[in-house]
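One structure is given here, and the rest of the page talks about it.
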Amino acid sequence: MTAISDLDIFARVARTANMSAAGREMGLSPAVVSKRISLLEDRLGARLFQRTTRHLTLTETGEGYFKRVVDILSLIEEAEDFVSRRNTRPRGVLKVTAPTAFSRLHITPHLPQFLSRYSDIEIEMELTDNYVDIIRDGFDVAVRIGELRDSSLVARKLASDTRVLCATPGYLAEAGTPSSLADLERHNCLLAGAQDIWQLEGPEGQVQTRVKGNIRSNSAEFVREALLSGLGVALRSTWDVEAELESGALEVVLPQYRGSSAVGIFAVYPCREFMPNKVNVFIEFLIEVYAANPPANKKFQAVAQKPSKNSKTKSTNSGPRKTKSNKSGTTDDVVASG
16 MTAISDLDIF ARVARTANMS AAGREMGLSP AVVSKRISLL EDRLGARLFQ RTTRHLTLTE
76 TGEGYFKRVV DILSLIEEAE DFVSRRNTRP RGVLKVTAPT AFSRLHITPH LPQFLSRYSD
136 IEIEMELTDN YVDIIRDGFD VAVRIGELRD SSLVARKLAS DTRVLCATPG YLAEAGTPSS
196 LADLERHNCL LAGAQDIWQL EGPEGQVQTR VKGNIRSNSA EFVREALLSG LGVALRSTWD
256 VEAELESGAL EVVLPQYRGS SAVGIFAVYP CREFMPNKVN VFIEFLIEVY AANPPANKKF
316 QAVAQKPSKN SKTKSTNSGP RKTKSNKSGT TDDVVASG
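First residue of the sequence shown: 16, per this note's numbering; consecutive thereafter.
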């Protein structure tokens with residue numbers, strides 16, 4: 016029977032696609048990792064990795080084996096956590112992935128308090144604005160901003176996310192200030208990710224408006240800098256541009272509209288019978304912190320007026336078009352879950 020440690024080594028090599036990186040995670044030399052993988056392949060009678068001088072990729076057999084190994088290791092972790100929850104404080108390495116800017120502003124500043132409270136927890140944080148497969152990549156929890164789409168993951172809402180349309184005074188002086196959604200057709204709109212449709216709420220209800228521009232990036236930080244450089248209009252979370260709105264470096268345009276209220280800030284984690292204690296206390300801590308200090312400034316929640324309950328969904332061609340309210344989908348900024 017294959018040792019659990021060999022399964023762990025295999026999973027780490029599969030995730031990192033690098034034997035040296037996997038070895039560093041476990042305190043083993045690349046030579047030892049390579050030998051353990053070779054012995055595992057010999058024992059199974061199958062090649063799990065395709066090796067070249069530059070790349071290490073899973074074979075088709077390796078992919079199937081990896082999916083099952085991930086489930087096995089997850090069950091072992093659950094079993095160990097079941098015991099530790101009854102006998103010890105939360106402990107262990109907590110692997111978290113989160114959007115870059117949000118983490119910088121609203122997670123990292125609170126970590127001293129969290130680590131002081133839970134001194135036996137170590138945090139590994141990966142910051143990215145791209146979608147991350149948290150099960151495949153071995154993360155315990157992801158903080159995601161968006162409208163959740165259907166998945167096998169579990170989500171807890173941490174806080175609301177208020178988004179407004181905004182631009183610099185210099186851009187508006189040159190290009191003019193939009194007075195309606197249709198006016199956005201003649202404006203340069205700054206796009207985050209693959210989305211060219213902004214989901215909004217206004218006096219007429221929910222609308223989707225198709226926008227275009229000469230700037231598009233998968234980096235929210237890049238779009239923010241393009242916005243502050245006066246390159247166009249953007250739909251931004253108030254937690255990200257609060258200081259600039261207050262100082263006048265940015266101005267809200269079309270204040271009667273705001274981003275879809277279905278978009279929120281969520282903690283997403285794999286579905287398990289026993290949630291690891293370290294994950295549970297981290298999520299509860301963020302909920303506690305954001306209840307006292309909401310990331311979305313209430314001052315700017317009032318700027319974007321809520322549509323009336325009796326309003327109807329409306330569409331125009333520049334293109335606001337009819338949209339159905341649902342619990343799954345994508346967002347203007349960050350894909351929520353998968």
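The C-beta atom is built at its ideal place from N, Cα and C for all residues, glycine as well.
Treat the numbers as computed from the prediction; the structure is a model and nothing was measured.
By alpha-carbon positions, which one of the options ends up nearest to residue i?
i, options, result
"Arg287", "Ala170, Leu59, Asp23 and Ser131", "Ala170"
"Ala32", "Gly79, Leu71, Asp211 and Trp254", "Leu71"
"Glu259", "Gly274, Pro270 and Glu240", "Glu240"
"Ala311", "Asp148, Asp176 and Ile136", "Asp176"
"Ile91", "Leu187, Leu22 and Ser275", "Leu22"
"Trp213", "Phe281, Met34 and Ser275", "Ser275"
"Thr68", "Gly38, Met34, Ser167 and Val48", "Met34"
"Tyr186", "Leu265, Arg39, Gln221 and Asn229", "Leu265"
"Pro285", "Asp155, Ser118, Gln128 and Gly60", "Asp155"
Taking the Cβ atom as the reference point for each residue, do residue i and residue j lie within a distance shorter than 8 Å?
i, j, result
"Asn203", "Gly263", "no"
"Ala46", "Thr112", "no"
"Leu88", "Thr115", "no"
"Pro105", "Tyr80", "no"
"Val267", "Val179", "yes"
"Arg273", "Leu215", "yes"
"Asp144", "Ala235", "yes"
"Ile122", "Leu130", "no"
"Leu120", "Trp254", "yes"
"Val238", "Cys181", "no"
"Phe97", "Ile160", "no"
Leaving out the 5 sequence neighbours to the left and right, which residues in its chain are closer than 6 Å to residue i when beta-carbon positions are compared?
i, result
"Arg231", "Leu206"
"Tyr305", "Leu173 and Ala174"
"Ile138", "Leu109"
"Ile298", "Arg171 and Ala282"
Rounded to whole angstroms, what's the CA-CA distance from residue i to residue j? Just pull it up for me.
i, j, result
"Arg225", "Val294", "38 Å"
"Val85", "Gly217", "45 Å"
"Leu250", "Glu261", "17 Å"
"Ala277", "Ala18", "46 Å"
"Gly208", "Leu54", "43 Å"
"Ser24", "Pro270", "With the sequence shown as reference, residue 24 is identified as Ile, and Ser is not the correct amino acid for it. Cα to Cα, Ile24 sits roughly 54 Å from Pro270."
"Arg27", "Ser244", "42 Å"
"Ser44", "Arg62", "21 Å"
"Arg83", "Ile149", "15 Å"
"Gly191", "Arg201", "10 Å"
"Lys227", "Leu301", "36 Å"
"Ala29", "Phe281", "28 Å"
"Val296", "Met140", "16 Å"
"Ser195", "Thr183", "18 Å"
"Gly38", "Ser166", "32 Å"
Which class does residue i belong to by DSSP, given the choice of helix, strand or coil?
i, result
"Pro285", "strand"
"Val147", "coil"
"Leu169", "This sequence places Val at residue 169; Leu is not what is there. Looking at Val169 - three-state DSSP - the assignment turns out to be strand."
"Arg159", "strand"
"Leu109", "strand"
"Phe154", "coil"
"Ala190", "helix"
"Leu354", "Any question about residue 354 goes unanswered here, given that the chain covers just 16 to 353."
"Gln65", "strand"
Determine, using beta carbons only, whether residue i comes closer than 8 Å to chain C.
i, result
"Val28", "No chain C appears in this structure, which consists of one protein chain only."
To which residues of the same chain is residue i closer than 8 Å at the C-beta, ignoring the five residues directly before and after it?
i, result
"Glu93", "Arg287, Glu288, Phe289 and Pro291"
"Pro309", "Ala174 and Ser175"
"Ile52", "Ile24, Phe25, Val28, Met34, Leu63 and Phe64"
"Ser49", "Met34"
"Thr76", "Ala61, Arg62 and Leu63"
Excluding sequence positions up to five away, which residues of its chain have a Cβ less than 7 Å from the Cβ of residue i?
i, result
"His125", "Val304"
"Ala188", "none"
"Asp152", "Arg30"
"Leu73", "Ala29, Leu63, Phe64 and Phe81"
"Glu40", "Arg27"
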